[in-house]
Every structure is written in C-alpha cells, then in structure tokens.
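Reviewing the structure listed below.
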Amino acid sequence: MEAISDFFSMLSGWLWGWPMIILLLGTHIFLTIRLRFPQRWIFTAIKLSVKKDPDGVGDVSQFASLATALAATIGTGNIIGVSTAIALGGPGAVLWCWLTGVFGIATKYAEGLLAIKYRVTTPQGRMLGGPMYALERGLGWRFMAILFALFTAVAALGIGNTVQANAIATLAHDSYHLPPALTGGVVCALVAAVLLGGVKSIARVCGMLVPFMALCYIVGCIVILWLNSDYLLPALRLIVESAFHPQAAGGGFVGGSIIMAARYGIARGLFSNESGLGSAPIVAAAARTRNPVRQALVSSSGTFWDTVVICALTGVVVVSSILAYPDIDYSNGATLTRDAFGKIPLVGTPILTFGLLTFAFSTILGWCYYGERAVEYLSSTRWVVAYRVVYILAVFVGSIIQLSVVWNIADCMNALMAIPNLLSLLFLNGILVHETRKYLWRGRLEKE
14 MEAISDFFSM
24 LSGWLWGWPM
34 IILLLGTHIF
44 LTIRLRFPQR
54 WIFTAIKLSV
64 KKDPDGVGDV
74 SQFASLATAL
84 AATIGTGNII
94 GVSTAIALGG
104 PGAVLWCWLT
114 GVFGIATKYA
124 EGLLAIKYRV
134 TTPQGRMLGG
144 PMYALERGLG
154 WRFMAILFAL
164 FTAVAALGIG
174 NTVQANAIAT
184 LAHDSYHLPP
194 ALTGGVVCAL
204 VAAVLLGGVK
214 SIARVCGMLV
224 PFMALCYIVG
234 CIVILWLNSD
244 YLLPALRLIV
254 ESAFHPQAAG
264 GGFVGGSIIM
274 AARYGIARGL
284 FSNESGLGSA
294 PIVAAAARTR
304 NPVRQALVSS
314 SGTFWDTVVI
324 CALTGVVVVS
334 SILAYPDIDY
344 SNGATLTRDA
354 FGKIPLVGTP
364 ILTFGLLTFA
374 FSTILGWCYY
384 GERAVEYLSS
394 TRWVVAYRVV
404 YILAVFVGSI
414 IQLSVVWNIA
424 DCMNALMAIP
434 NLLSLLFLNG
444 ILVHETRKYL
454 WRGRLEKE
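All you need for the working numbering is the position in the sequence shown, starting with 1, plus 13.
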C-alpha cells in the first residue's frame, strides 16, 4: 500500500506540476483574450442566474444548474486549500489565487457554452452533455471522450466523495468527539436520501443549501474581518506586496520566492474553482436555456462566487488573523485555517465548522451527478444505479479510513480529466467565438 501511495504521489506531483499549471492558466488567458474579456459581463451573468427562462429547454432551471455546480465546486479547497497556499507560498499566494479565478471566468464560460452546444436528448427526454459530448460530437475524438468519462467516474469517488466524507468525520471527531463510524453512518443516510431522488432532487437540495451556506460563510468572514479591522488594510497591503516582492513579508511571515507564491496560489485557485477541469459543464448541460451563451454566462458566475469572493475572503481572514495573533503557526497548512478562525472569540470556530460541514456535504451531492453522467456515457443507463449504490457506500468508507492513497489517486484523475477538456476548448475556440458573436456581442441574448 505504501508503494502504491508513493507511486500516485509522484504521479500527482508530476501531473500537477508547472506544465499543467501553464496549460490551465494559459487556456484561461487565451480564452479571455479570444472571447474579448467575458469577465466584463459578470453582472449580467449574475442577473441571468436568478432569472427563469420560460422559453428554454432542459431538465432544471439555470439557477438549479448553477447551484449544483457550486455545490460540487465549493468544498474544503475553498478553506483548507487557501490556507495551504499561504503556508507554502506566503501571503502573496492569495493574490495569485484570486487572479486565477478572475481569468478562470472565461474558461468556465467556454465550458458552459460547449455543454449546451453539443448536448443530446435521451429517448426519455433528458438532456446530457459535457466535455465527453464536445469531444465526440465537436471533434470526433470518441476515444478521448471515453477517457474523460472514465477519469470523471473515478475522480467522483475520490475527491468528490471519500475525501469530503473524511473531512466531515474528522471535523466531527476533533470538535465534538463523535466516532467516525457514527458520523459516516449519518452522512451516508443523508446522502442516500437525496441521491435516490435523481437529478431534480439533487438540484432542489443544492438550490436551497448552496445560497444559505455561502451567505452564512461570507457573512461570518465579514464579521471576522470587522473584528480584525485594525489588521485589514495591513493584510491587504501584505498580500499585494508579497505577491511581487517576497521580501515585503513580515509580521511573523517568512518571505518566499515570487515563483513559490505564484505556483501555490495558481494551483490552489485552479483546484478550487475547477475552471478547466470539465466537471461543471456536465450539469450545465441540463439547464433550461434558450441559447448556449445564456448558460455560458450563468456558468461563469460560479467561478466568480467560488474564487473571486469566497477564496479571497478566506485568504484575507487568515492573513489578518495571523497578523493579529503572531503565535499562530502559519507553516502548517492543515491546521492554519482552524488556528486562525479559532482565535476569533465566539464566532470563529462555529463559522469554520459550519462552512466545512456544509461545503463538504454539498460537494458529495454535486459530484455524484458528475459521476453518474460519466457512467451513463460509458454504458447507457445499465450501470448508473449500481454506481449510485457504490457512491453512497463510499461515503461511509471514506469516513473511517486513511485517505492518503485516495487523495493522490483523486488528484491524478482530476489532472487527467483536465487535459482532454482543455484540448476541446482550445480546438473548438472558433465555435466559441461564433456563438459568442451571434448572441452576446450582437446583443441577442433573448433569441433562440
């Protein structure tokens, strides 16, 4: 087992090294320029996300689709991942993480557009789409489409399931001394109750849970920043200055290199918002929308909320707390968030606990949909029910086992998902421009 863990750890380190970061960030920047900065339409995107499209065709509303995607995207990476970036790359990593989210809006827009453009309708009338359909129908790359679906089905069991379940069980044990098996059983039952209802049940629960959990976490972070108000401006100044001048790090921080700050900030930002990973367009394809660009804009708002807002707030909270309480051990990314939030009287620990529990639970729900659609692509509907049962059981297993091997395998699967998805975005950029010109640049968002 140790040899297997070492192998996947090495493979994960190679897959998520500089070549992958350059490919992902390069795609973000290329699409930003090629699509004439779709980020400038973000407020239109937010407005569309809360409006119904009565003339649209699909299985769920645009908001429900976005909520399900956010449920899968907003997870422990928004909290623990940001702290790990700060621990490894210094406070400047927060700015690089934020910039990655800003540019990632363009990639999430492109993914949503292709999801609608190449989606298919099943004999039962359901809408299916995602990178596997763009690869097959847009480029004729059936083999690459199969690989993407296979990697997605495996990744869902790892990063979307067992890892999140383990985070919930660990938090419950550390905070309230609850046995992992008990926590695992309860979470398993709750997940089963939602998943057995299918996509509409998942979308309905996520539509209620995601806005509530995100709003509570955002308000909680604002309260902490108010309590840390004396250190807010110094924290922002330190984040910006140390992103480009590491020697500026102070107040207990040891300045790292610019490369380290950029590497870990970019990597955690990419990992958090999943722009380019290819997961979110799977549920975007089910949205009721009258044209591909409307849903593309709605999808792009997910990266805005995930990274530009939530990850940024977490980063500023952590850095300001370290400045306010110099005894915090900022070198340990695994405990940094807990220590930083724990220093805030009364509200700090409850906010962190609520955020981690709800973020992890919603991620389990969202990734089940991704995994099921990948299995359906590979085998029609024959194995979907079996996969759902395995997925539910994996929640309990993840709560009681050590996950070092699972983490490394999941990281590898995520990287292997991203490669074919990014290729589809780059090779189909002409289609992206054509559709964007047709509906967005010419002001025809209301047209079919």
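From the three backbone atoms N, C-alpha and C, an ideal C-beta is built for every residue, glycine too.
- The beta carbon of alanine 123 sits closer than 6 Å to the beta carbons of Leu44, Leu438 and Leu445 from its chain, once the five residues preceding and following it are set aside; these are given in chain order.
- Of the residues Leu36, Ala16, Val388 and Met23, the one whose Cα lies closest to the Cα of proline 433 is Leu36.
- Apart from sequence neighbours up to five positions away, the residues of its chain that approach threonine 302 with a beta-carbon distance below 7 Å are Asp66, Gly69, Gly71, Gln75, Ile129 and Gln308, ordered along the chain.
- For histidine 258 and proline 104, the gap between their C-alpha atoms comes out near 11 Å.
- Pairing glycine 211 with valine 388, the inter-Cα distance amounts to about 14 Å.
- When DSSP reads this structure, valine 306 sits in no beta bridge, so it has no partner.
- With contact defined as three or more Cβ pairs closer than 8 Å, the segment 320–328 and the segment 111–119 are in contact.
- Within the DSSP secondary-structure output, threonine 134 pairs in a beta bridge with Met140.
- About 5 Å separates the CB atoms of leucine 441 and glycine 151; that is less than 8 Å, so the two are in contact.
- Of the residues Thr371, Thr89 and Leu378, the one whose Cα lies closest to the Cα of arginine 401 is Leu378.
- If the five residues before and after glycine 94 are omitted, its C-beta is found closer than 7 Å to the C-beta atoms of Arg281, Phe284 and Ser285, all from its own chain and listed in chain order.
- Using a Cβ-Cβ distance cut-off of 8 Å, the segment 419–426 and the segment 22–34 are in contact, since at least three pairs of beta carbons, one from each stretch, lie closer than that value.
- When the beta-carbon positions are compared, alanine 216 and alanine 80 come within less than 8 Å of each other.
- Pairing alanine 274 with alanine 106 gives a Cβ-Cβ distance under 8 Å.
- For a cut-off of 8 Å, the C-beta gap from glycine 233 to valine 133 is around 42 Å, too long to register as a contact.
- The Cβ atoms of alanine 169 and tryptophan 420 do not sit closer than 8 Å to each other.
- The straight-line gap separating the alpha-carbon atoms of isoleucine 235 and isoleucine 295 is approximately 33 Å.
- When DSSP reads this structure, threonine 394 sits in a beta bridge with Ser392.
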